[in-house]
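Undergrad: This is the structure I want to talk about, given as structure tokens.
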Amino acid sequence: MDNLQGFPYFPVEFAKDGSPAQPAQVDALLDGLKAQPTTDLIVLSHGWNNDMAEARDLYQRFLGCVRPLLDDPQDSLGLAGRRFAVLGVLWPSKKFADAQLIPSGAAGFDSPVTNTMLVAELERLKGTFDAPDADAKLTRAQALVPQLDSDPAQNEFAQLLKEVLPPAPPVPGLESAADFMAMDGTDMFATLSIPPPATDLQLPDDGSLNSSISASTAPDVDHAAGIGSSLFGGIKAAAMNVLNLTTYYQMKDRAGTVGQGGVNAVLRRVRQELPAVRLHLVGHSFGCRLLSAAVAGADAAHSVMADSMTLLQGAFSHYGFSGSYDDGGHAGFFRRVVSDKLVAGPIVVSHTRNDSAVGTMYPLASRLAGQVGQGLGDANDKFGGLGSNGAQKTTEATDGLLEDVGFAYPFGSGQIYNLRADTYISGHSDICHPQTAYAFLKAVTTV
1 MDNLQGFPYF PVEFAKDGSP AQPAQVDALL DGLKAQPTTD LIVLSHGWNN
51 DMAEARDLYQ RFLGCVRPLL DDPQDSLGLA GRRFAVLGVL WPSKKFADAQ
101 LIPSGAAGFD SPVTNTMLVA ELERLKGTFD APDADAKLTR AQALVPQLDS
151 DPAQNEFAQL LKEVLPPAPP VPGLESAADF MAMDGTDMFA TLSIPPPATD
201 LQLPDDGSLN SSISASTAPD VDHAAGIGSS LFGGIKAAAM NVLNLTTYYQ
251 MKDRAGTVGQ GGVNAVLRRV RQELPAVRLH LVGHSFGCRL LSAAVAGADA
301 AHSVMADSMT LLQGAFSHYG FSGSYDDGGH AGFFRRVVSD KLVAGPIVVS
351 HTRNDSAVGT MYPLASRLAG QVGQGLGDAN DKFGGLGSNG AQKTTEATDG
401 LLEDVGFAYP FGSGQIYNLR ADTYISGHSD ICHPQTAYAF LKAVTTV
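Per the UniProt record's numbering, the very first residue in the sequence shown carries number 1; after that it's consecutive.
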């Protein structure tokens, strides 16, 4: 058993197919929880661009904000009698850092995409995709980079990237890669080569350009994996955007696979063998999708009851929990989490338009679907993201603010609480604050 910030810590690593990479880690978790008087298990899941060391660091920093609140001698949260342990989910989400978001000499706000950057990005992506011949296809794509001014090279480049992805189910919106898979390569390059208008960029309330889109000005904020789009037009920028979209769709698919498969199975074992232990789920980015999939399970027979869920800058559709998000009455992919009351306490959602990683991804998908104009990716766009806008078209959701420590949140059972976090969260990965830890713990106190 390990220890993080005074909490018993049990890491469990999962493979690309969702199975536990080391089954002994699952046994160690269950044995450890049984050997000590654990009342509450915190389940943490990282998002993109985290190897195991980086995931552990994220968990250490978040728990470092939780620990002082629990150690408050006044016990203002009323949790002194609880005994917490931590399950750290580790899933394969590395090898896809956008060169424009890497601080070490990468392109900043005033640097266009180059052939060298594209070749390097394709090299970093090797080992990321599930297709057995994916790396060979990426090598072929590298050879095409100098030729991308020609239509044949654009078509072949786009086709190679499509072929490394899993099949796309016909689900409307960003949850599906259907528009991406169906589009001709030259049309895709033409669509994604247009510089984004100012309305596509995520602006803070003061109207200034969000610094998180520039690696040179914000080296520790928004290192989202392959999500940031170029601020420049042209063929090279379009090629980088094609890589961004390809990476998004693969990581979206994998987060669902790992959550619905191995993580769901582990949580069901905890529920079966330790039914009195409360489960509190905390996800970041694609980790929010992973944990939502873990709770929902493959079907109702495999769902898991959680006690609270905190979703920090979630990278999935803002209609994910909706009962009806269009004229056809379609429900969001994770609607069953809400309709089947799979979370006994509240679902807390942080969101901010400062999140340039999630906020930039959605305008790209909107363009592929033929949408143009203002408001791309905002709360009124069907391609909007949870981390940008909170849960939309969801009757169980209420809107509020991420407040300072001590605020009396009106959290209750079976509700979603959208907390606009502009004041405290400056970018996609900027989630470790006393305020986010306090909101999480206030959710814990309701069950």
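Ideal Cβ positions, reconstructed from N, Cα and C, are used throughout, including at glycine. Owing to the predicted nature of the structure, the values given are computational and were not obtained by experimental measurement.
Tell me, please, whether the CB atom of ASN354 is closer than 8 Å to any CB atom in chain C?
TA: The displayed structure is made up of one protein chain only, and chain C is not part of it.
Undergrad: Does the region 31-40 come close enough to the region 13-22 that 3 or more CB-CB pairs lie under 8 Å?
TA: Contact fails: fewer than three Cβ-Cβ distances are below 8 Å.
Undergrad: Is the beta carbon of residue 452 sitting closer than 8 Å to the one on CYS65?
TA: Within the shown structure, residues of the chain are numbered from 1 to 447, placing residue 452 beyond reach of any answer.
Undergrad: Starting from TYR424, trace the beta strand (DSSP E) both ways and give me its first and last residue.
TA: The sequence position of residue 424 within the sequence shown is 424, counting from 1. It is not in any beta strand (DSSP E) - TYR424 carries neither H nor E in the DSSP assignment.
Undergrad: Expressed to the nearest angstrom, what Euclidean distance is found between the alpha-carbon atoms of VAL43 and SER292?
TA: Translated into the one-based positions of the sequence shown, residue 43 becomes position 43. Translated into the one-based positions of the sequence shown, residue 292 becomes position 292. When rounded, the distance between both Cα atoms is 12 Å.
Undergrad: Starting from PHE180, trace the alpha helix (DSSP H) in both directions and tell me its first and last residue.
TA: Position 180 of the sequence shown, counted from the first residue, corresponds to residue 180. Where PHE180 is concerned, the enclosing alpha helix (DSSP H) stretches over 178-182.
Undergrad: Apart from the five residues on each side of it in sequence, which residues of its chain come closer than 8 Å, Cβ to Cβ, to ALA52?
TA: Within the sequence shown, residue 52 is the residue found at index 52, counting from 1. Residue identity differs from the one stated: residue 52 is Met in this sequence, not Ala. PRO11, GLU13 and LEU90, listed in sequence order.
Undergrad: Please name the residue in THR423, THR395 and LYS393 whose C-alpha comes closest to that of LEU401.
TA: As a position in the sequence shown, residue 401 is number 401, starting the count at 1. The option with the nearest alpha carbon to LEU401 is THR423.
Undergrad: Look at the Cβ atom of ALA134, then the Cβ atom of VAL164, and state whether they are nearer than 8 Å.
TA: The count along the sequence shown starts at 1 and reaches residue 134 at position 134. The count along the sequence shown starts at 1 and reaches residue 164 at position 164. A contact, by the Cβ cut-off of 8 Å.
Undergrad: Measuring alpha carbon to alpha carbon, tell me which of GLN392, PRO346, LEU342 and GLY359 ends up nearest PRO410.
TA: As a first step, residue 410 is located in the sequence shown; it is residue number 410 there, counting from the start. Nearest C-alpha to PRO410: PRO346.
Undergrad: Would GLY368 and MET240 qualify as a contact pair, given that the criterion is a beta-carbon distance under 8 Å?
TA: As a position in the sequence shown, residue 368 is number 368, starting the count at 1. As a position in the sequence shown, residue 240 is number 240, starting the count at 1. At residue 368 the sequence reads Leu, which differs from the Gly that was named. Not a contact, by the Cβ cut-off of 8 Å.
Undergrad: In terms of residue numbering, what span does the alpha helix (DSSP H) encompassing ASN389 cover?
TA: The sequence position of residue 389 within the sequence shown is 389, counting from 1. Note, ASN389: alpha helix (DSSP H), 386-389.
Undergrad: Going by Cα to Cα distance, which pick from ALA315, VAL338 and LEU267 is closest to LYS393?
TA: Counting from 1 along the sequence shown, the entry for residue 393 is found at position 393. Checked all of ALA315, VAL338 and LEU267; the closest Cα to LYS393 is VAL338.
Undergrad: Closest by CA to PHE383, which one among GLN272, GLY359, ASP40 and ASP2?
TA: Residue 383 sits at position 383 when you count from the first residue of the sequence shown. Of the candidates GLN272, GLY359, ASP40 and ASP2, the one whose C-alpha sits nearest the C-alpha of PHE383 is GLY359.
Undergrad: Does the distance from the C-beta atom of HIS330 to that of ASN389 stay below 8 Å?
TA: Your numbering for residue 330 matches position 330 in the sequence shown. Your numbering for residue 389 matches position 389 in the sequence shown. Contact flag unset, no.
Undergrad: Taking all protein chains shown into account, decide if MET1 is buried (16 or more other Cβ within 10 angstroms of its Cβ) or exposed.
TA: Here the question's residue 1 lines up with position 1 in the sequence shown. Exposed: under 16 other Cβ atoms inside 10 Å.
Undergrad: Could you pull out every residue in the same chain whose Cβ sits closer than 6 Å to the Cβ of GLY297, ignoring the five residues on either side in sequence?
TA: The count along the sequence shown starts at 1 and reaches residue 297 at position 297. Answer for GLY297: ASN264 and SER303, listed in chain order.
Undergrad: What's the gap between the Cα of PRO197 and the Cα of LEU364?
TA: Indexing the sequence shown from 1 puts residue 197 at position 197. Indexing the sequence shown from 1 puts residue 364 at position 364. Model confidence at PRO197 stands at a pLDDT of 48, short of 50, so the residue's coordinates are unreliable and nothing is read from them.
Undergrad: Checking 8 Å against the spacing of the C-beta atoms, do THR247 and LEU144 come in under that value?
TA: Stepping through the sequence shown from its first residue, residue 247 is reached at position 247. Stepping through the sequence shown from its first residue, residue 144 is reached at position 144. No, Cβ-Cβ distance for THR247 and LEU144 is not below 8 Å.
Undergrad: Three-state secondary structure (DSSP) at PRO8?
TA: As a working note, residue 8 is residue 8 in the sequence shown. Strand at PRO8.
Undergrad: Quick check on DSSP: helix, strand or coil for ALA298?
TA: Start at 1 with the first residue of the sequence shown, and residue 298 comes out as number 298. In the structure shown, ALA298 sits in coil (DSSP, three-state: anything other than H, G, I, E or B).
Undergrad: For ALA107, does the three-state DSSP call read helix, strand or coil?
TA: Position 107 of the sequence shown holds residue 107. No answer about ALA107 holds up, because its pLDDT of 35 lies below 50 and its placement is not dependable.
Undergrad: By the DSSP assignment, the alpha helix (DSSP H) with LEU402 in it spans what residues?
TA: Taking the first residue of the sequence shown as 1, we reach residue 402 at position 402. Note, LEU402: premise wrong, no alpha helix (DSSP H); not H, not E.
Undergrad: So, helix, strand or coil for LEU79, using DSSP?
TA: Residue mapping note: residue 79 aligns to position 79 of the sequence shown, counting from 1. Correct three-state label for LEU79: coil.
Undergrad: Since ALA443 contacts VAL348 with CB under 8 Å, what's their CB separation in whole angstroms?
TA: In the sequence shown, residue 443 corresponds to position 443, counting from 1. In the sequence shown, residue 348 corresponds to position 348, counting from 1. 5 Å between Cβ atoms; contact.
Undergrad: Are THR257 and GLY18 touching if we call contact CB-CB under 8 Å?
TA: Stepping through the sequence shown from its first residue, residue 257 is reached at position 257. Stepping through the sequence shown from its first residue, residue 18 is reached at position 18. In contact: THR257 and GLY18 (Cβ atoms closer than 8 Å).
Undergrad: Within 10 angstroms of the Cβ of residue 448, are there 16 or more other Cβ atoms? Answer buried if so, exposed if not.
TA: With the chain covering 1 to 447 only, the question about residue 448 has no answer from this structure.
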